[in-house]
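Student: Mind looking over this structure? Questions follow.
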Amino acid sequence: MSRIDLHLHTTHSDGSLPPSEVLKLAAKASVTALAITDHDITSGIPEAMATGRELGIEVIPGVEISCFDGTSELHILGYCLDWQDSVLNGRLASLRASRHRRNPLIIERLRAAGLDVTYDEVRALAGTESVGRPHIARLLMQKKYVSSAKEAFDRYLAEGKPAYVPRDLPAPAEAISWIRDAKGVAVLAHPTWVKDSGDGLGGRLTALKEAGLGGVEVHYSTHSKTQTASYLELAKRLDLLVTGGSDFHGLTKPDIEVGYGRGDLRVNPRLLEPLKAAAAARS
Ligand SMILES: [Zn+2]
Ligand SMILES: [Zn+2]
């Protein structure tokens, strides 16, 4: 049965496969349309589009921007945007620069904890300008300090752990405006990340909608049936678009497959037209 996958990472951020390989997996999974949504970077899109033309898969330009709303780190997905827009790419470059300020501080803390790692090693392993904690986790795996990315986060890298360093992140409203300025549609990624600050997810989504949010990622690899149903109900009630994707990263999240998530994900191709229509209304 055909499906779409609007949330995929490649080697241009913290995924382990280049765009062309992700597209090949998508073809095997009967994915008819997909979005490459690398963190804070759009450089994987041209390769994805070229491979998409060969394989007959529609490629929607996308990006995933990390934000902080005062309580939780949130991710805002941007779809159908003008990914070559110089203002957008300048803004994303400034976010990546903040990663390069943060990562060496994380490395310092890991070294203080007795681990023999350098930032040069992380950058060499990452091979991209969008370097993040998953790359550090991969280095810790290579050096046998941990046996999985999850263990790297649980022992060292997650909030509250010895090597955690907070990062300067834009507010969600700012990321939403960047996406809208580039004629795209902004969507709240994996809403399970929203920590309850008293007004519940409905209240937060209402505020984000006022800031220009267009949709919510209802279908996601780790959502339970109950969560999916409640997000669907919220999206309907607030008149937000429904999207979905696997958040495939390759080796960093080995249990997640393109198109299928943990096996039971299916994002209906019918969700694509409303998304494209909303973007067309913006340009
Ligand atoms: Zn995310
Ligand atoms: Zn993601």
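Residues in the sequence shown are numbered consecutively from -13, following our numbering. Built from N, CA and C at the ideal position, the CB exists for glycine as well. In this text, all values refer to a predicted model and were calculated from it rather than measured experimentally.
1) Can you list, in chain order, the residues of its chain whose CB lies under 7 Å from that of Ala84, leaving out five sequence neighbours each side?
2) Tell me the residue span of the beta strand (DSSP E) that contains Arg324.
3) Would you mind sorting Gly76 into buried or exposed? The rule is 16 or more other CB atoms within 10 Å of its CB.
4) Starting from Thr18, follow the beta strand (DSSP E) in both directions and report where the run begins and ends.
5) Run the Cβ filter for me: residues under 7 Å from any heavy atom of ligand 1, listed in the order they occur in the chain.
6) Report yes or no: do the stretch 197 to 215 and the stretch 94 to 103 share at least 3 C-beta pairs separated by less than 8 Å?
7) With distance defined between alpha-carbon atoms, name the residue in Ser52, Leu60, Met35, Tyr65 nearest to Ser80.
8) With DSSP run on the structure shown, which of helix, strand or coil describes Tyr206?
9) Please report the straight-line C-alpha distance between Lys169 and Thr23, rounded to a whole angstrom.
10) Which ranges does the beta strand (DSSP E) cover as unbroken runs of at least 3 residues, wholly within the stretch 17 to 69, from first to last along the chain?
11) Give me the DSSP bridge partner(s) of Glu243.
12) Which same chain residues, not among the five before or five after Thr17, have their C-beta less than 8 Å away from its C-beta?
13) Once you ignore the five residues that flank Ala13 on each side, which residues in its own chain have a CB closer than 7 Å to its CB?
14) Mind checking which residues open and close the alpha helix (DSSP H) that includes Val132?
15) Throw me the rounded Cβ distance for the Glu203 and Gly231 pair, which I believe falls under 8 Å.
16) Quick check: does the Cβ of His25 come within less than 8 Å of any heavy atom belonging to ligand 2?
17) May I have the straight-line CA-CA distance separating Val253 from Thr229, to the nearest angstrom?
18) Between the Cα of Thr114 and the Cα atoms of Leu60, Asp0, Ala267, Pro255, which residue gives the shortest distance?
19) Whole angstroms are fine: how far does the CA of His205 sit from the CA of Gly30?
20) How many whole angstroms separate the CB atoms of Ile162 and Leu187, which I take to be in contact at a CB cut-off of 8 Å?
21) May I ask which residues mark the beginning and end of the beta strand (DSSP E) holding Ala172?
22) Could you spell out the range, first to last residue, of the beta strand (DSSP E) harbouring Gly231?
23) Name the one or two DSSP bridge partners that Gly201 has.
24) For Trp179, count the other beta carbons within 10 Å of its own beta carbon; 16 or more makes it buried, fewer makes it exposed. Which is it?
25) Flag this pair as yes or no: are the beta carbons of His(-2) and Gly48 separated by less than 9 Å?
26) Does Val8 come out as helix, strand or coil in the three-state DSSP assignment?
Tutor: This is what the structure gives:
1) As a first step, residue 84 is located in the sequence shown; it is residue number 98 there, counting from the start. In the sequence under discussion, the amino acid at residue 84 is Ser, which differs from the Ala named in the question. Taken in chain order, the residues that qualify are Arg153, Asp154.
2) Nothing can be reported for residue 324, as the shown portion of the chain is limited to -13 through 269.
3) Mapped onto the sequence shown, residue 76 falls at position 90. Flag for Gly76 reads exposed.
4) To locate residue 18, count along the sequence shown from 1; it is residue 32. Run containing Thr18: 17 to 22, per the beta strand (DSSP E) assignment.
5) Taking a cut-off of 7 Å from the heavy atoms of ligand 1, the residues with a C-beta inside it are Glu50, His61, Ala175, His176, Asp233.
6) In this structure the stretch 197 to 215 does not lie against the stretch 94 to 103, because fewer than three pairs of beta carbons, one per stretch, are closer than 8 Å.
7) By 1-based counting over the sequence shown, the position of residue 80 is 94. That would be Ser52, whose Cα lies nearest to the Cα of Ser80.
8) The residue you call residue 206 lines up with position 220 of the sequence shown. The answer is strand: DSSP assigns Tyr206 an E or B state.
9) By 1-based counting over the sequence shown, the position of residue 169 is 183. By 1-based counting over the sequence shown, the position of residue 23 is 37. If I take the Cα positions, the gap works out to 16 Å.
10) 17 to 22, 44 to 54, 59 to 65
11) Mapped onto the sequence shown, residue 243 falls at position 257. Beta-bridge pairing links Glu243 to Gly247.
12) Position 31 of the sequence shown, counted from the first residue, corresponds to residue 17. It is Val, not Thr, that sits at residue 17 in the sequence shown. Contacts found: Ser(-12), Arg(-11), Ile(-10), Asp(-9), Ile43, Val244, Gly245.
13) The residue you call residue 13 lines up with position 27 of the sequence shown. Cβ neighbours of Ala13 beyond the five flanking positions: Leu41, Ile43.
14) In the sequence shown, counting from the first residue as 1, residue 132 sits at position 146. Val132 -> no alpha helix (DSSP H), and no H or E assigned at all.
15) On the sequence shown, residue 203 is found 217 positions in, with the first residue counted as 1. On the sequence shown, residue 231 is found 245 positions in, with the first residue counted as 1. Sure, about 7 Å apart at Cβ, within 8 Å.
16) By one-based count along the sequence shown, residue 25 stands at place 39. Yes, since a heavy atom of ligand 2 falls inside the 8 Å radius drawn around the Cβ of His25.
17) Residue 253 sits at position 267 when you count from the first residue of the sequence shown. Residue 229 sits at position 243 when you count from the first residue of the sequence shown. Those two C-alpha atoms are separated by around 8 Å.
18) Numbered from its first residue, the sequence shown carries residue 114 at position 128. Selected option, being the one with the closest Cα: Asp0.
19) Residue mapping note: residue 30 aligns to position 44 of the sequence shown, counting from 1. Residue mapping note: residue 205 aligns to position 219 of the sequence shown, counting from 1. Their backbone Cα atoms lie some 23 Å apart in a straight line.
20) By one-based count along the sequence shown, residue 162 stands at place 176. By one-based count along the sequence shown, residue 187 stands at place 201. Beta-carbon to beta-carbon, Ile162 and Leu187 are separated by about 16 Å, too far to satisfy the 8 Å threshold.
21) Position 186 of the sequence shown, counting from 1, holds the residue named residue 172. Ala172 -> beta strand (DSSP E) spans 171 to 174.
22) As a working note, residue 231 is residue 245 in the sequence shown. Segment 227 to 231, the beta strand (DSSP E) holding Gly231.
23) By 1-based counting over the sequence shown, the position of residue 201 is 215. In DSSP, Gly201 forms a bridge with Val173, Leu227.
24) Here the question's residue 179 lines up with position 193 in the sequence shown. Exposed, because fewer than 16 other Cβ atoms sit within 10 Å of the Cβ of Trp179.
25) Translated into the one-based positions of the sequence shown, residue -2 becomes position 12. Translated into the one-based positions of the sequence shown, residue 48 becomes position 62. Not a contact, by the Cβ cut-off of 9 Å.
26) Within the sequence shown, the letter at position 22 stands for residue 8. It is helical.
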